[in-house]
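2 protein chains.
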Amino acid sequence: MGRSSKSITIQDVARAAGVSVSTVSRVLNNKDDVALDTSQKVRSVIAELGYASSLAAKSLRSRQTGVIGLIIPDLEDPFCIQVVKGIHQAIVAFNYDLLAFTSGSIKQHSRAERERRYVTLLNGSLTDGIVVVTPAAISFSTVAPLAAIDPNDHCPDYLTVIATNRAGARAAMEYLLGLGHRRIGFIGGRPDLLCARQRLQGYEDALRQSNVTPDPALITIGNFTRAAGRSCAQQLLALPEPPTAIFAANDQSAFGAIEAAREAGLHVPDDLSIVGFDNVPEAVYFNPPLTTVDQFVVKMGYVATEMLIRAIQEGSSESISYEMPTQLVIRESCRATVGKSWNRNRA
Amino acid sequence: MGRSSKSITIQDVARAAGVSVSTVSRVLNNKDDVALDTSQKVRSVIAELGYASSLAAKSLRSRQTGVIGLIIPDLEDPFCIQVVKGIHQAIVAFNYDLLAFTSGSIKQHSRAERERRYVTLLNGSLTDGIVVVTPAAISFSTVAPLAAIDPNDHCPDYLTVIATNRAGARAAMEYLLGLGHRRIGFIGGRPDLLCARQRLQGYEDALRQSNVTPDPALITIGNFTRAAGRSCAQQLLALPEPPTAIFAANDQSAFGAIEAAREAGLHVPDDLSIVGFDNVPEAVYFNPPLTTVDQFVVKMGYVATEMLIRAIQEGSSESISYEMPTQLVIRESCRATVGKSWNRNRA
DNA sequence: CTGTTAGCGCCTTCAC
DNA sequence: GTGAAGGCGCTAACAG
Numbered sequence: 003m004g005r006s007s008k009s010i011t012i013q014d015v016a017r018a019a020g021v022s023v024s025t026v027s028r029v030l031n032n033k034d035d036v037a038l039d040t041s042q043k044v045r046s047v048i049a050e051l052g053y054a055s056s057l058a059a060k061s062l063r064s065r066q067t068g069v070i071g072l073i074i075p076d077l078e079d080p081f082c083i084q085v086v087k088g089i090h091q092a093i094v095a096f097n098y099d100l101l102a103f104t105s106g107s108i109k110q111h112s113r114a115e116r117e118r119r120y121v122t123l124l125n126g127s128l129t130d131g132i133v134v135v136t137p138a139a140i141s142f143s144t145v146a147p148l149a150a151i152d153p154n155d156h157c158p159d160y161l162t163v164i165a166t167n168r169a170g171a172r173a174a175m176e177y178l179l180g181l182g183h184r185r186i187g188f189i190g191g192r193p194d195l196l197c198a199r200q201r202l203q204g205y206e207d208a209l210r211q212s213n214v215t216p217d218p219a220l221i222t223i224g225n226f227t228r229a230a231g232r233s234c235a236q237q238l239l240a241l242p243e244p245p246t247a248i249f250a251a252n253d254q255s256a257f258g259a260i261e262a263a264r265e266a267g268l269h270v271p272d273d274l275s276i277v278g279f280d281n282v283p284e285a286v287y288f289n290p291p292l293t294t295v296d297q298f299v300v301k302m303g304y305v306a307t308e309m310l311i312r313a314i315q316e317g318s319s320e321s322i323s324y325e326m327p328t329q330l331v332i333r334e335s336c337r338a339t340v341g342k343s344w345n346r347n348r349a
Numbered sequence: 003m004g005r006s007s008k009s010i011t012i013q014d015v016a017r018a019a020g021v022s023v024s025t026v027s028r029v030l031n032n033k034d035d036v037a038l039d040t041s042q043k044v045r046s047v048i049a050e051l052g053y054a055s056s057l058a059a060k061s062l063r064s065r066q067t068g069v070i071g072l073i074i075p076d077l078e079d080p081f082c083i084q085v086v087k088g089i090h091q092a093i094v095a096f097n098y099d100l101l102a103f104t105s106g107s108i109k110q111h112s113r114a115e116r117e118r119r120y121v122t123l124l125n126g127s128l129t130d131g132i133v134v135v136t137p138a139a140i141s142f143s144t145v146a147p148l149a150a151i152d153p154n155d156h157c158p159d160y161l162t163v164i165a166t167n168r169a170g171a172r173a174a175m176e177y178l179l180g181l182g183h184r185r186i187g188f189i190g191g192r193p194d195l196l197c198a199r200q201r202l203q204g205y206e207d208a209l210r211q212s213n214v215t216p217d218p219a220l221i222t223i224g225n226f227t228r229a230a231g232r233s234c235a236q237q238l239l240a241l242p243e244p245p246t247a248i249f250a251a252n253d254q255s256a257f258g259a260i261e262a263a264r265e266a267g268l269h270v271p272d273d274l275s276i277v278g279f280d281n282v283p284e285a286v287y288f289n290p291p292l293t294t295v296d297q298f299v300v301k302m303g304y305v306a307t308e309m310l311i312r313a314i315q316e317g318s319s320e321s322i323s324y325e326m327p328t329q330l331v332i333r334e335s336c337r338a339t340v341g342k343s344w345n346r347n348r349a
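As given, the protein sequences belong to chains C and Y, one line each in that order.
Residue numbering for the first sequence is 3 to 349, as defined by our numbering.
Residue numbering for the second sequence is 3 to 349, as defined by our numbering.
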């Protein structure tokens with residue numbers, strides 16, 4: 003075994019089986035016009051030689067590769083990991099293969115360029131369709147269907163899946179307001195991301211609805227990282243009149259905020275309530291377990307992939323946009339505000 | 003913009019620029035024998051049309067694609083995520099692209115088959131070299147260089163990177179023994195994995211070295227998952243004479259063991275000491291922070307990729323095996339055994 | 001410097 | 001049922 007010096011091709015199989023390449027091609031693609039014994043002979047030779055057709059050559063000629071392309075910013079980010087999980091489930095369920103490219107960290111900027119490059123790389127070959135996670139670009143040149151998960155802007159030309167971020171944020175805020183909080187800090191995500199803007203809108207919606215005038219000092223801008231969440235929270239807690247609760251636009255930021263609170267000698271939830279967004283698995287194990295808004299990320303991945311595969315199989319090219327409902331998950335990072343404020347400035 | 007009906011090819015560019023396809027190909031590959039103005043003309047047309055060459059076609063013809071293939075069991079597994087992080091760093095550092103296939107969950111069995119299939123799929127085309135993470139198969143038919151990370155068996159034909167599992171396990175055990183523990187339980191990984199077997203060897207080495215006769219009842223077999231770790235720990239704790247410490251063959255198992263201890267009313271580390279293996283990021287945040295053996299997984303990914311790229315560029319095909327040193331990281335999940343045993347059966 | 005020619009490995013007509 | 005020929009998009013000779 004080991005490394006053979008030359009890769010074996012369909013020609014080798016044909017020669018070994020004593021048939022022509024087209025016959026081998028036929029059994030490879032399960033055509034029904036092949037004699038049973040010929041087919042078996044070829045199959046056994048294939049098995050013996052350990053032959054598998056080259057994706058490159060196959061995709062060059064035929065538009066059916068059975069592989070879905072995935073372009074994803076970052077494989078370490080918890081959000082991405084969850085999405086991939088869902089995508090993978092769908093891939094297995096529909097018997098496709100998954101081929102993934104990383105477009106560079108979510109935070110990184112020159113990403114749109116890489117994305118475009120990869121889409122074109124796969125363009126009309128290699129893959130039957132492409133899933134792009136949190137695309138920075140909004141338009142791609144592609145022949146194959148394309149599904150965008152959590153796009154950074156509305157992109158009407160493709161299949162899209164995005165959570166009801168605004169409604170979800172509103173729900174989180176209503177919970178906090180219902181607990182009696184009035185000074186509620188906000189730790190935002192990057193404003194160039196659609197989901198981040200929508201969550202800020204939800205934050206403002208809820209305040210307005212409860213007749214609380216938004217205080218600009220309470221609105222900070224993070225970047226969805228733990229570190230940024232920490233420094234935003236520090237900034238909020240250093241305010242002359244600090245918030246009694248913080249709504250962070252994602253769980254990572256919320257974790258950072260909890261860290262910051264602890265460092266400031268504050269106890270969560272007794273001294274400060276915190277709500278996140280995403281419901282990443284760590285939220286359960288965190289200390290304290292984090293109250294957060296679930297956006298069913300795994301399902302987002304699944305649904306997007308399923309939509310894509312249907313589009314491929316039906317040859318349709320309509321652009322559906324699926325809105326994934328969100329749900330508030332109450333755990334232990336929030337408390338009602340009955341006379342807690344005097345407690346704030348110990349340290 | 004949006005989705006164009008037909009993907010544009012090098013022919014389109016040639017026609018639009020008024021040159022031949024080979025000229026376009028030359029500027030595409032930065033050949034230096036092209037007139038400056040011709041080159042600029044072509045480049046501007048390329049930019050205008052948003053053209054990018056098809057990986058499939060290119061790789062079919064030339065053996066230089068600038069992309070590294072990655073075959074990885076599972077993108078959710080913390081170990082894999084870490085490895086990918088290192089691989090990604092190397093990819094960026096050496097200016098390659100990364101194309102990843104998932105071969106199916108680490109636990110899953112029919113994986114070797116998928117692995118082989120993917121290797122052959124990429125075989126001699128698409129990628130300049132392949133990294134396989136925890137390969138189940140030990141031999142592949144490939145023309146291009148191949149690097150195996152944490153192989154499930156010795157594979158002398160390829161580049162390999164594996165941690166010094168045995169020494170690492172011994173170090174963990176020596177620490178526990180030094181703390182006074184004598185009844186130390188072991189939660190193993192799947193015995194078909196080389197690293198799991200090596201860690202068990204390290205466990206036994208250390209006991210022998212300290213003249214403690216290994217008790218078979220203390221050795222359980224998990225599968226590197228949290229759930230298995232939990233049930234193995236339950237089994238150990240239910241023993242007539244339960245262990246005072248547990249060495250788990252990976253961090254996930256250790257987390258499961260801590261859960262089980264807590265459920266049994268035991269406090270870690272006061273009632274039970276636990277050591278893991280891997281040093282995944284969660285180990286720091288866990289309650290209690292986990293003492294574990296770092297195997298520098300990120301670096302394993304980096305080193306493997308670097309070795310692979312060097313092999314590609316130098317055209318060499320020697321099979322180096324790199325042993326990644328391990329290091330014990332002491333945190334808060336262990337305690338010395340001074341008169342703690344009467345404490346064991348409260349609940 | 002640039003165009004022409006010949007394939008890379010495979011699938012798809014079209015004959016037989 | 002099966003084989004022979006043509007071409008997918010591209011690069012690597014070879015001419016000019």
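All C-beta atoms in this analysis are idealised placements derived from N, C-alpha and C, irrespective of residue type, glycine included.
Would you tell me roughly how many angstroms separate the C-alpha atoms of residue i and residue j, rounded to the nearest one?
{"i": "Leu-77 of chain Y", "j": "Glu-334 of chain C", "result": "30 Å"}
{"i": "Lys-342 of chain C", "j": "Asn-167 of chain C", "result": "Note that Lys-342 of chain C has pLDDT 47, beneath the 50 cutoff, so the model's placement of it is unreliable and the number below is only indicative. One C-alpha to the other measures close to 30 Å."}
{"i": "Ala-174 of chain Y", "j": "Val-134 of chain C", "result": "43 Å"}
{"i": "Arg-1 of chain C", "j": "Ala-54 of chain C", "result": "Given a span of 3 to 349 for chain C in the structure shown, any question on residue 1 of chain C remains unanswerable."}
{"i": "Thr-162 of chain C", "j": "Ala-306 of chain C", "result": "7 Å"}
{"i": "His-269 of chain Y", "j": "Asn-289 of chain C", "result": "17 Å"}
{"i": "Gln-329 of chain C", "j": "Ala-171 of chain C", "result": "10 Å"}
{"i": "Glu-93 of chain C", "j": "Ala-338 of chain Y", "result": "For the record, residue 93 of chain C in the displayed sequence is Ile; it is not Glu. Roughly 49 Å between the two C-alpha positions."}
{"i": "Ile-140 of chain C", "j": "Cys-157 of chain C", "result": "6 Å"}
{"i": "Ala-285 of chain C", "j": "Arg-185 of chain Y", "result": "35 Å"}
{"i": "Leu-238 of chain Y", "j": "Pro-245 of chain Y", "result": "7 Å"}
{"i": "Arg-113 of chain Y", "j": "Ala-219 of chain C", "result": "54 Å"}
{"i": "Ser-275 of chain Y", "j": "Val-282 of chain Y", "result": "18 Å"}
{"i": "Ala-165 of chain C", "j": "Ser-319 of chain C", "result": "22 Å"}
Kindly list, in the order they appear in chain C, the residues whose Cβ is closer than 8 Å to that of residue i.
{"i": "Arg-119 of chain Y", "result": "Ala-54"}
Between which residues of its own chain and residue i is the CB-CB distance below 7 Å, once the five residues before and five after are set aside?
{"i": "Arg-252 of chain C", "result": "Note on residue identity: the sequence assigns Asn, not Arg, to residue 252 of chain C. Hits under 7 Å: Gly-191, Phe-226, Gly-278, Phe-279 and Asp-280."}
{"i": "Leu-124 of chain Y", "result": "Gly-71 and Ile-132"}
{"i": "Ser-127 of chain Y", "result": "Ser-61 and Leu-62"}
{"i": "Arg-118 of chain C", "result": "Ala-139 and Phe-142"}
Residues of chain Y with CB under 8 Å from residue i, in chain order?
{"i": "Phe-81 of chain C", "result": "Neighbours of Phe-81 of chain C on chain Y: none; closest Cβ ~13 Å, over 8 Å."}
{"i": "Leu-220 of chain C", "result": "Ordered by position in chain Y, no residue passes the 8 Å Cβ test against Leu-220 of chain C, which lies about 28 Å from the chain."}
Residues in its own chain within less than 6 Å of residue i by CB, not counting five upstream and five downstream?
{"i": "Ala-230 of chain Y", "result": "Gly-224"}
{"i": "Arg-221 of chain Y", "result": "A quick correction: the sequence has Ile, not Arg, at residue 221 of chain Y. Same-chain partners within the cutoff: Phe-188."}
{"i": "Phe-103 of chain C", "result": "Ile-73 and Tyr-120"}
{"i": "Glu-261 of chain C", "result": "Arg-232"}
{"i": "Leu-209 of chain C", "result": "Pro-216"}
{"i": "Glu-308 of chain C", "result": "Ala-92"}
{"i": "Val-26 of chain Y", "result": "Ile-12, Val-15, Ala-16 and Val-44"}
{"i": "Gln-200 of chain C", "result": "Asn-167 and Arg-168"}
Quick one: which chain Y residues come within Cβ less than 9 Å of residue i?
{"i": "Leu-274 of chain C", "result": "Simply none; closest approach about 19 Å."}
{"i": "Asn-213 of chain C", "result": "What Asn-213 of chain C touches in chain Y: nothing, since even the nearest Cβ is about 39 Å away."}
Starting from the beta carbon of residue i, find every residue of chain C whose beta carbon is closer than 7 Å, and list them in chain order.
{"i": "Thr-104 of chain Y", "result": "His-90 and Leu-100"}
{"i": "Lys-8 of chain Y", "result": "Val-145"}
Taking C-beta pairs closer than 7 Å, name the residues in chain Y that residue i reaches, listed in chain order.
{"i": "Ser-61 of chain C", "result": "Ala-58"}
{"i": "Asn-289 of chain C", "result": "Asn-289"}
In chain C, what lies closer than 9 Å to residue i by C-beta?
{"i": "Lys-301 of chain Y", "result": "Those within 9 Å of Lys-301 of chain Y in chain C number zero; the least Cβ separation is about 15 Å."}
According to a CB-to-CB cut-off of less than 8 Å, which residues of the stretch 142 to 174 of chain C neighbour chain Y? Phe-142, Ser-143, Thr-144, Val-145, Leu-148, Asp-159 and Tyr-160
Are at least three pairs of beta-carbons, each pair with one atom in the stretch 151 to 169 of chain C and one in the stretch 196 to 204 of chain C, less than 8 Å apart? yes
For the stretch 236 to 268 of chain Y, list every residue whose C-beta sits within 7 Å of some C-beta in chain C, in sequence order. none
Give, in chain order, every residue of the stretch 63 to 96 of chain C whose Cβ lies closer than 7 Å to some Cβ of chain Y. Leu-77, Glu-78, Ile-83, Val-86, Lys-87 and His-90
Is it the case that the stretch 304 to 324 of chain Y contacts the stretch 197 to 212 of chain Y, given that we only count it when at least three CB pairs across the two stretches are under 8 Å? no
Touch check for the stretch 295 to 305 of chain Y and the stretch 85 to 100 of chain Y: three-plus C-beta pairs under 8 Å? yes
Within 7 Å of chain Y by C-beta, residues of the stretch 17 to 51 of chain C in sequence order: none
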